[in-house]
Amino acid sequence: MTTEERNPQEHTAEVVMDQRRDRTLTEPLSASFEREHREIDDGILTGVDGAADPSRRAALVDAVCALRRHIYAEEELMFPALRDAGLAGPVLVMLREHAQMWQLLDTIDQLITADGPAEELHDACHGLLDLLARHNPKEEVILYPQVDTLLDLRAASVLRRLLLEGEPPAGWRCQQLR
Ligand SMILES: [Fe+2]
Ligand SMILES: [Fe+2]
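Heads up: the sequence shown runs through residues 472 to 649, numbered per the numbering used here.
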């Protein structure tokens with residue numbers, strides 16, 4: 472398909488994906504995780520009251536998947552190095568907050584799949600946004616500044632690839648809910 476034949480919206484989405492890929496491969500890892508916080512917030516806000524609209528619903532579904540992958544990346548690949556560096560206390564707080572978020576992600580997934588009441592979806596999404604508003608600044612101030620120096624090149628490369636195209640193993644749940 473030539474560029475001329477392509478739907479303009481599809482073309483714009485491809486350009487945005489390319490830009491995101493380029494940034495993720497070149498910027499510090501901490502910046503990629505911070506950017507993903509904003510992208511996930513935006514996706515939830517886009518879909519919170521618009522699940523009847525296919526594109527807004529897709530934005531919410533993408534944000535839910537991205538947040539599950541983000542939590543997986545932090546818990547399995549980032550936090551162990553931070554814990555070893557003496558940050559076990561803050562890491563434990565983050566794990567507890569991930570568990571609260573994960574339960575709301577399950578609720579949102581169920582409501583989307585079952586086409587549940589819009590009010591319940593609204594409440595679950597805003598509950599999640601409230602948790603993220605308290606959680607993300609703590610990671611950005613206390614934990615992320617350590618990541619660029621603590622993780623070796625290989626670990627950083629694995630995390631970058633995960634942010635770009637990976638997903639948690641099937642059935643994976645956050646640590647505090649096992
Ligand atoms: Fe987190
Ligand atoms: Fe995070």
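The beta-carbon is built from N, C-alpha and C at its ideal position, and this holds for glycine as well. What you are looking at is a predicted structure, and each value in this text was computed from that prediction instead of being measured.
Coarse secondary structure for Glu-507, derived from DSSP in three states: The count along the sequence shown starts at 1 and reaches residue 507 at position 36. Helix at Glu-507.
Closer than 6 Å: Glu-505 CB and nearest ligand 2 heavy atom: For the purposes of this step, residue 505 is taken as the residue at position 34 of the sequence shown. No, the Cβ of Glu-505 stays beyond 6 Å of every heavy atom of ligand 2.
Please identify the residue among Tyr-543, Leu-558, Ile-583 and Asp-520 whose C-alpha is closest to the C-alpha of Arg-644. Here residue 644 refers to the residue found at position 173 of the sequence shown. Comparing Cα positions, the closest option is Tyr-543.
If I'm right that Ala-534 touches Gly-518 with Cβ under 8 Å, what's the distance once you round it to whole angstroms? By 1-based counting over the sequence shown, the position of residue 534 is 63. By 1-based counting over the sequence shown, the position of residue 518 is 47. Indeed they touch by this definition, with Cβ atoms about 7 Å apart.
Nearest to Gln-646 by alpha carbon, out of Arg-527, Glu-545 and Ser-501? Taking the sequence shown and counting its residues from 1, the one referred to as residue 646 is at position 175. If we check each option's Cα against that of Gln-646, Glu-545 comes out closest.
Best match in Ile-579, Arg-605 and Leu-603 for proximity to Ala-595 [C-alpha to C-alpha]: Looking up residue 595 in the sequence shown gives position 124. Minimum Cα distance to Ala-595 is reached at Ile-579.
Mind the definition here: the stretch 620-635 touches the stretch 521-528 only if three or more C-beta pairs lie below 8 Å; say whether that holds. no
Is Pro-610 close to ligand 2? I mean its beta-carbon at under 6 Å from any heavy atom of the ligand. Within the sequence shown, residue 610 is the residue found at index 139, counting from 1. According to the sequence displayed, residue 610 carries Glu and not Pro. Yes; taking the cut-off as 6 Å, the Cβ of Glu-610 has a heavy atom of ligand 2 nearer than that.
Enumerated in chain order, which unbroken segments of the alpha helix (DSSP H) with a length of 4 residues or greater are wholly contained in the stretch 576-614? 589-609
Given a cut-off of 7 Å, decide if Glu-505 and Glu-636 are closer than it, judged by their beta-carbon atoms. Counted from its first residue, the sequence shown places residue 636 at position 165. Counted from its first residue, the sequence shown places residue 505 at position 34. Cβ distance not < 7 Å, so Glu-636 and Glu-505 don't count as in contact.
State yes or no: is the C-beta of Ser-501 within less than 7 Å of the C-beta of Leu-634? Position 30 of the sequence shown, counted from the start, is the residue given in the question as residue 501. Position 163 of the sequence shown, counted from the start, is the residue given in the question as residue 634. Their beta carbons are not under 7 Å apart, which means Ser-501 does not touch Leu-634 by this criterion.
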